[in-house]
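Working notes for the structure below.
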Amino acid sequence: MAIEGRHSFGSIGDTRVTFVEKKIDETRKDFLKDLLEHNGFEVIIEEEKRKSEEDPQLYTVAVTDMVFNPVIWIYERKLRTFDGHKVTADYWNQKSEDTPPQYWQKI
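Heads up: the sequence shown begins at 0 in numbering that gives the first Met the number 0, then just goes up one per residue.
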């Protein structure tokens, strides 16, 4: 789940949206939906079409804010966690619950 630097936008139904992530599982969808709504965004979820019933259900997560770009909001530290800390790239990618101010690991 790499953070994609390109600003991706389009439509879901009749609503113009900025795509946050595409083809993600339900756990990831729920995490992003809750985090983005906590930060004041209107979130729209679309189910991806499955080729067969055995395939897992995947989702697209989008927001109605056309200028939202996850890369900018994460690295400018504009997003907040549920306990008020700033969201880091590792937190966004669900690699860590820690939210230190740096984006790198000290060795």
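By construction, the Cβ of each residue, glycine as well, lies at the ideal position given by its N, Cα and C atoms.
First and last residue of the uninterrupted beta strand (DSSP E) at residue i
i: R15; result: 14 to 23
i: G83; result: That residue, G83, is in no beta strand (DSSP E); it is neither H nor E in DSSP.
i: G9; result: 8 to 11
i: T98; result: It is not in any beta strand (DSSP E) - T98 carries neither H nor E in the DSSP assignment.
i: V60; result: 58 to 62
Exposure label - residue i; buried when at least 16 CB within 10 Å
i: V66; result: exposed
i: K94; result: exposed
i: K22; result: exposed
i: K77; result: exposed
Distance, residue j Cα to residue i Cα
i: P113; j: V19; result: The requested residue 113 does not occur in the structure, where the chain is confined to residues 0 to 106.
i: K50; j: Q56; result: 10 Å
i: E47; j: I71; result: 26 Å
i: R79; j: A61; result: 18 Å
i: F30; j: T17; result: 17 Å
i: S7; j: V86; result: 21 Å
i: Y74; j: I11; result: 27 Å
i: D33; j: E53; result: 27 Å
i: N92; j: E36; result: 17 Å
i: T14; j: Y90; result: 29 Å
Nearest-angstrom Cβ-Cβ length linking residue i and residue j, presumed shorter than 8 Å
i: I43; j: T26; result: Contact doesn't hold; Cβ gap of about 18 Å is too wide.
i: V41; j: Y58; result: As written in the sequence, residue 41 is Glu, which differs from the Val given in the question. Their Cβ separation, rounded to whole angstroms, is 16 Å, which puts E41 and Y58 out of contact at 8 Å.
As assigned by DSSP and simplified to three states, the class of residue i
i: K28; result: helix
i: E46; result: strand
Range covered by the alpha helix (DSSP H) that runs through residue i
i: V70; result: 69 to 74
i: D89; result: 88 to 91
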